């Protein structure tokens with residue numbers, strides 16, 4: 013008969029997100045994990061597998077429970093340019109509080125050359141972001157907020173690129189550069205209007 017777990021696996025997964033986000037994959041030791049997660053090695057291995065498997069589960073958990081929900085308003089049928097601007101503004105504001113950057117971006121930079129699963133998770137998130145941007149921009153066109161001739165796919169690519177750059181600058185604490193870049197992004201969006 014299997015022993016009952018004395019911990020909540022989802023809570024432990026969130027703790028794993030935090031330690032991997034802070035330290036990265038390579039710099040997080042097994043001792044770091046057992047100490048931070050509050051479970052022993054046996055429980056870690058029997059519940060989550062090895063360190064890499066735990067890392068990948070933590071990455072997927074972060075995407076599904078933090079990244080994707082942050083885009084929810086953009087995917088509502090009535091969302092338009094205002095919702096996109098609010099999302100971008102909140103995203104930019106968040107960078108002054110996230111000293112460790114973005115967990116997904118950190119994972120991609122650290123491991124995507126050597127780990128296809130990390131690359132796949134990053135692509136999954138970026139595809140979702142692009143789809144969300146395209147959806148809200150298409151809604152904005154349909155609502156008469158931006159010109160129909162604008163290519164929402166190209167605009168979405170531009171916004172993704174800008175926001176990922178802002179994440180890097182946030183990690184480097186380049187807040188003045190972020191603020192001035194934000195002004196350019198909002199000016200660009202205002203020029204899309206009728």
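In my numbering, the protein residues as written are 13 to 206. Note that the Cβ used here is the ideal one computed from N, Cα and C, for glycine as well. The structure displayed is predicted, hence computed values, not measured ones.
Checklist entry - Beta carbon of residue 42, beta carbon of residue 28: below 9 Å? => result no
Item to check | Three-state secondary structure assigned by DSSP to residue 51 | outcome: In the structure shown, residue 51 falls within a coil segment according to DSSP collapsed to helix, strand and coil.
Item to check | Local conformation of residue 167 per DSSP, three classes | outcome: helix
Item to check | Option nearest residue 148 by Cα separation, candidates 124, 121, 89 | outcome: 89
Checklist entry - In the structure shown, what three-state DSSP assignment does residue 80 receive? => result The answer is coil: DSSP assigns residue 80 none of H, G, I, E or B.
Checklist entry - Going straight from the alpha carbon of residue 158 to that of residue 182, what length do you get? => result 30 Å
Checklist entry - Would a C-beta distance cut-off of 9 Å place residue 190 and residue 100 closer than the cut-off? => result No, they are not a contact pair.
Checklist entry - Do residue 75 and residue 85 have their C-beta atoms closer together than 9 Å? => result no
Item to check | residue 159, DSSP secondary structure in three states | outcome: coil
Checklist entry - What distance in whole Å lies between the Cβ atoms of residue 144 and residue 87, which are believed to be in contact at a cut-off of 8 Å? => result 6 Å
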